[in-house]
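Colleague: Here it is, the structure in full.
Following this line, the structure appears as structure tokens:
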């Protein structure tokens, strides 16, 4: 788990890198700004359900693989 | 539309509003600058800028830009930033109104003073709105720089 929000742990950076994607590429695929992806990875922002599902679809994994409750 | 263009539109609207609102606020509170606006029609400038800026942003969203650009410029993280700034503005307005109420001379209250206080509240709210616009635009500038 990377740097995480106090209410939501995330593994996004590792999964994104292992998928060979940059923040920009992931953001375009998930239809958000690169800043949103950066904020999620750094635990600044908790994404909406829709965005979490779009990210998991892009990374071809389950939402639970990316986000976990502390 | 790019982050930098949006920064320019909002920053210019915001700084012009801050200038005019601060001028009006200080005048209403009785501060003297030694100079005055010679043509009061110029007070329409900030309103016109906000109107034109909003029109340009709306047109570019619906007619000029691609979905890819709109997704980046108007995503949920940007919305959260706007909500947070709105909350700060709401709080600042509350504190400002409290202070403006506190500094009134209630012992000699008149309709003229009530009218003046309403102007002061309006000028303060206008000032806060300008500051919020500038704050929001700075986020866009930082994003434009980080590419």
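Protein chains in written order, with this note's numbering: chain A, 1 to 70; chain B, 1 to 147. Quick reminder that beta carbons are idealized off the backbone N, C-alpha and C, glycines included. Bear in mind the structure is a predicted one, so any value in this text is a computation, not a measurement.
If you follow the alpha helix (DSSP H) that residue 28 of chain A is part of, which residue opens it and which one closes it?
Modeller: Indexing the first chain from 1 puts residue 28 of chain A at position 28. Residue 28 of chain A -> alpha helix (DSSP H) spans 23 to 30.
Colleague: Please tell me whether residue 63 of chain A has its Cβ less than 8 Å away from any Cβ of chain B.
Modeller: As a working mapping, residue 63 of chain A is identified with position 63 in the first chain. It does not; no Cβ of chain B falls within 8 Å.
Colleague: Within 10 Å of its beta-carbon, does residue 47 of chain A have 16 or more other beta-carbons around it, so buried, or fewer, so exposed?
Modeller: Here residue 47 of chain A is taken as the residue at index 47 of the first chain, counted from 1. The residue in question, residue 47 of chain A, is buried, as its Cβ has 16 or more Cβ neighbours within 10 Å.
Colleague: I need the DSSP call for residue 31 of chain B, collapsed to helix, strand or coil.
Modeller: Here residue 31 of chain B corresponds to residue number 31 of the second chain, with the count starting at 1. Note: residue 31 of chain B maps to coil in three-state DSSP.
Colleague: Looking at chain A, is there any beta carbon in it that lies within less than 8 Å of the beta carbon of residue 75 of chain B?
Modeller: For the purposes of this step, residue 75 of chain B is identified with residue 75 of the second chain, where counting begins at 1. So, interface residue.
Colleague: For residue 8 of chain A, which of helix, strand or coil comes out of DSSP?
Modeller: Working through the first chain from its first residue, we reach residue 8 of chain A at position 8. Reduced to three states, the DSSP call for residue 8 of chain A is strand.
Colleague: So residue 57 of chain B and residue 6 of chain B are supposed to be a Cβ contact under 8 Å. How far apart are they, rounded?
Modeller: Residue mapping note: residue 57 of chain B aligns to position 57 of the second chain, counting from 1. Residue mapping note: residue 6 of chain B aligns to position 6 of the second chain, counting from 1. Indeed, because the Cβ distance is near 7 Å, the residues count as touching under 8 Å.
Colleague: In whole angstroms, give me the CA-to-CA distance for residue 118 of chain B and residue 3 of chain B.
Modeller: Counting from one through the second chain, the residue named residue 118 of chain B turns up at place 118. Counting from one through the second chain, the residue named residue 3 of chain B turns up at place 3. C-alpha separation (whole angstroms): 37 Å.
Colleague: Counting only runs that start and end within the segment 82 to 129 of chain B, where is the alpha helix (DSSP H) found for 4 or more residues in a row?
Modeller: Listed in chain order, there is nothing to give.
Colleague: What did DSSP end up calling residue 5 of chain B once you bin it into helix, strand or coil?
Modeller: By one-based count along the second chain, residue 5 of chain B stands at place 5. The answer is helix: DSSP assigns residue 5 of chain B an H, G or I state.
Colleague: Going by beta carbon distance, what residues of the same chain come within less than 7 Å of residue 40 of chain A, once the five residues before and after it are set aside?
Modeller: Start at 1 with the first residue of the first chain, and residue 40 of chain A comes out as number 40. Correct list, in chain order: 10, 12 and 47.
Colleague: Inspect the CB distances between the segment 127 to 145 of chain B and the segment 76 to 94 of chain B and report whether three or more fall short of 8 Å.
Modeller: Contact between the segment 127 to 145 of chain B and the segment 76 to 94 of chain B is present, because at least three Cβ pairs lie under 8 Å.
Colleague: Closer than 7 Å between beta carbons: that is the criterion. Which residues of the segment 6 to 20 of chain A meet it against chain B?
Modeller: Answer in chain order: no residues at all.
Colleague: Using alpha carbons as the reference points, say which of B:40, B:61, B:85 and B:69 lies closest to residue 128 of chain B.
Modeller: Residue 128 of chain B sits at position 128 when you count from the first residue of the second chain. When only C-alpha atoms are compared, the closest one is B:85.
Colleague: What number of angstroms, rounded off, separates the C-alpha of residue 144 of chain B from the C-alpha of residue 71 of chain B?
Modeller: Position 144 of the second chain, counted from the first residue, corresponds to residue 144 of chain B. Position 71 of the second chain, counted from the first residue, corresponds to residue 71 of chain B. Roughly 15 Å separates the two Cα atoms.
Colleague: Following the continuous alpha helix (DSSP H) through residue 20 of chain A, name the residue where it begins and the one where it ends.
Modeller: Counting from 1 along the first chain, the entry for residue 20 of chain A is found at position 20. Careful: residue 20 of chain A lies outside any alpha helix (DSSP H) and carries neither H nor E.
Colleague: According to DSSP, residue 67 of chain A sits in a beta bridge with which residue or residues?
Modeller: Position 67 of the first chain holds residue 67 of chain A. Answer by DSSP bridge pairing, in chain order: A:10.
Colleague: Touch check for the segment 93 to 109 of chain B and the segment 29 to 38 of chain A: three-plus C-beta pairs under 8 Å?
Modeller: No, the segment 93 to 109 of chain B is not in contact with the segment 29 to 38 of chain A.
Colleague: Here's a check: name, in chain order, each residue in its chain whose Cβ is nearer than 8 Å to the Cβ of residue 123 of chain B, leaving out the five neighbours to either side.
Modeller: Along the second chain, one-based indexing puts residue 123 of chain B at 123. Taken in chain order, the residues that qualify are 21, 24, 25 and 28.
Colleague: What are the residues of the segment 78 to 102 of chain B that lie near chain A, defined by any Cβ-Cβ distance shorter than 8 Å?
Modeller: Of all residues in the segment 78 to 102 of chain B, 78 and 80 have a Cβ within less than 8 Å of some Cβ in chain A.
Colleague: With H, G and I counted as helix, E and B as strand and the rest as coil, what does DSSP make of residue 47 of chain A?
Modeller: One-based indexing of the first chain puts residue 47 of chain A at position 47. Coil, per DSSP.
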